[in-house]
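Every letter in the sequence shown is one number past the one before it in our numbering, and letter 254, counting from 1, is 418.
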Amino acid sequence: MKKWFVLILLSFVTLMTVFAQSGEIEIFSWWTGGGEEAALLATIADFEQLYPNIKVINATVAGGAGTNAKAVLKTRMLGGNPPDTFQVHAGWELTDTYVIPGLMEPLTDYLKLWGAYDKFPSGLIDIVSYEGEVYSIPLTIHRSNVIFYNKKLFNEIGLTKEPETWQEFIAALDKAKASGYIPLAMGDKEKWEAGQIVENLMVAEFGAANYNALFNGELSFNDNRLDSALQKMVQLMNYVNVDHAALAWQEAARLLYDNKAVFNLMGDWAEGYFKELGWTPGEDFGWFELPGTQAVFVLISDTFGLPKNAPHRNNALIFLEYLASPRAQEIFNPIKGSIPGRVDANPGDDPYLIETAEDFRTLAISPSIVHGSAAPEAFVTSFNDAVNALVTTKNITQAKQMILWAAEDVGLLTD
Ligand code: GAL
Numbered sequence: 165m166k167k168w169f170v171l172i173l174l175s176f177v178t179l180m181t182v183f184a185q186s187g188e189i190e191i192f193s194w195w196t197g198g199g200e201e202a203a204l205l206a207t208i209a210d211f212e213q214l215y216p217n218i219k220v221i222n223a224t225v226a227g228g229a230g231t232n233a234k235a236v237l238k239t240r241m242l243g244g245n246p247p248d249t250f251q252v253h254a255g256w257e258l259t260d261t262y263v264i265p266g267l268m269e270p271l272t273d274y275l276k277l278w279g280a281y282d283k284f285p286s287g288l289i290d291i292v293s294y295e296g297e298v299y300s301i302p303l304t305i306h307r308s309n310v311i312f313y314n315k316k317l318f319n320e321i322g323l324t325k326e327p328e329t330w331q332e333f334i335a336a337l338d339k340a341k342a343s344g345y346i347p348l349a350m351g352d353k354e355k356w357e358a359g360q361i362v363e364n365l366m367v368a369e370f371g372a373a374n375y376n377a378l379f380n381g382e383l384s385f386n387d388n389r390l391d392s393a394l395q396k397m398v399q400l401m402n403y404v405n406v407d408h409a410a411l412a413w414q415e416a417a418r419l420l421y422d423n424k425a426v427f428n429l430m431g432d433w434a435e436g437y438f439k440e441l442g443w444t445p446g447e448d449f450g451w452f453e454l455p456g457t458q459a460v461f462v463l464i465s466d467t468f469g470l471p472k473n474a475p476h477r478n479n480a481l482i483f484l485e486y487l488a489s490p491r492a493q494e495i496f497n498p499i500k501g502s503i504p505g506r507v508d509a510n511p512g513d514d515p516y517l518i519e520t521a522e523d524f525r526t527l528a529i530s531p532s533i534v535h536g537s538a539a540p541e542a543f544v545t546s547f548n549d550a551v552n553a554l555v556t557t558k559n560i561t562q563a564k565q566m567i568l569w570a571a572e573d574v575g576l577l578t579d
């Protein structure tokens, strides 16, 4: 072959590659807050270094757990104006809201092409799949049944051992109260934060298998263990900060950092937040599972999918391939307080993350309600409303009735 021909051919291929890796990509999420934004920005910066010709548009709508972002996203998706890729929870939030209505492209073949299909736990692949096709790439594995605590205050009030039972936990809260500290920091401005405590209390009361059975139609919600969980939530309200309804989750977590509160039950994005504030895990703050949930990993997974008619589809695929790589997963997760979805990615050397990675491998998994994995969106909204009413009125019968109606509405068992 003539030299000049090879040269032209090579230039053409280079040009095509550059062309294929240029333009824009719009990434949609709600990661604007402490710890969360830092993880996203670090990942985007790395992506931009790898693909300098692709301009990333970081589209965010503030509000923990997607309180506001989800509505904006839905409007855009239904209005035919999708972003190129977006944050969506594994489970019902992905399948019921976007896949079943036909708004997403399957990614199974791409995952296989990228050599990543068998790099995720099969249970995780199952909950991002519908009728045999994978519809999103799991980036994070978060855990929600964790109680973080301020180590300095913990020691100061004379606690020597992390509570393992409900009685021990209540005794520890009493000690904190007697010492003049806020025992349990709570910020339920966006409702889901209180709902998250109740879902964890449900896991403690029912156990993983029965809790999971509530959502696969094997066990009725009309069960005394639901009353007990609600009862315990009412009990916890004796220990929370009075301004809880005015605070977002970061503001509540910050009460620990400011040496005002001892405990905070929060998903482990709080671990990322504490680190961003400058705390060292294991030294400044400790953690333990909500008593009764030690054998369970309450799972939240943030994933990214490909909407049909993504304006920059090719760039979206380049980004998704990047997100599926150990490189991206190892940058994002340690900052965020989560562990990688990929089994071969390193969770980092932080003691919380190492322990969490081990727990994820060995414990029973239960899906979160309030983060959209366990049940359809309609149930999540009503569940959060029921818990919000409970927190205000302390009326257990009414809250239970609201949850039963919500379950009935989406076809779950109530008798
Ligand atoms: C969850 C999400 C986490 C974190 C949290 C608080 O729904 O999965 O990644 O962002 O909300 O905003």
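Note that CB positions come from ideal geometry on N, CA and C, so glycine has one too. Keep in mind it's a predicted model, so treat the numbers as computed, not measured.
Extent of the continuous beta strand (DSSP E) to which residue i belongs
| i | result |
| --- | --- |
| V426 | 425 to 429 |
| V460 | 460 to 464 |
| V252 | 249 to 253 |
| S530 | 528 to 531 |
| S193 | 187 to 193 |
| F449 | 449 to 453 |
| P347 | 346 to 348 |
| V220 | 218 to 224 |
Contacts around residue i, its chain only, beta-carbon distance under 7 Å, and the 5 residues preceding and following it disregarded
| i | result |
| --- | --- |
| L303 | D466, T467, F468, L487, Q493, F496, G505 |
| E328 | P455 |
| G255 | I291, P531, G536, S537, A538 |
| G381 | L576, L577 |
Close beta carbons around residue i, own chain, < 6 Å, minus the five adjacent residues each side
| i | result |
| --- | --- |
| W330 | P455 |
| K550 | Here residue 550 is Ala; the residue named in the question, Lys, does not match the sequence. A563, M566, I567, listed in sequence order. |
| D432 | H306, R307, V310, G501 |
| N552 | K355 |
| F438 | F449 |
| A571 | F385, T578 |
Residue i versus residue j - alpha carbon distance
| i | j | result |
| --- | --- | --- |
| K325 | S343 | 17 Å |
| L577 | V544 | 16 Å |
| Y516 | G446 | 7 Å |
| V555 | A409 | 9 Å |
| P216 | I208 | 11 Å |
| P270 | A336 | 49 Å |
| A434 | L383 | 32 Å |
| D407 | I346 | 11 Å |
| K234 | G322 | 43 Å |
| Y420 | E357 | Note that residue 420 is Leu in the sequence shown, not Tyr. When rounded, the distance between both Cα atoms is 16 Å. |
| P540 | I533 | 9 Å |
Beta-carbon gap between residue i and residue j smaller than 8 Å
| i | j | result |
| --- | --- | --- |
| F192 | P265 | no |
| L470 | M268 | yes |
| G218 | N479 | According to the sequence shown, residue 218 is Ile rather than Gly. Yes. Within cutoff. |
| K315 | F449 | yes |
| F294 | T259 | Rather than Phe, the amino acid found at residue 294 in this sequence is Tyr. Going by C-beta atoms, Y294 is nearer than 8 Å to T259. |
| A416 | M350 | yes |
| V367 | V225 | no |
| F483 | F211 | yes |
Residue i - containing alpha helix (DSSP H), residue span
| i | result |
| --- | --- |
| E326 | Where E326 is concerned, there is no enclosing alpha helix (DSSP H), given that its DSSP letter is neither H nor E. |
| V310 | Run containing V310: none in the alpha helix (DSSP H); it sits in the beta strand (DSSP E), 310 to 314. |
| S392 | 388 to 400 |
| S286 | 286 to 291 |
| S546 | 541 to 557 |
Cβ neighbours of residue i in the same chain (closer than 8 Å, five flanking residues each side left out)
| i | result |
| --- | --- |
| N364 | S308, N309, L429, L454, T457, V462 |
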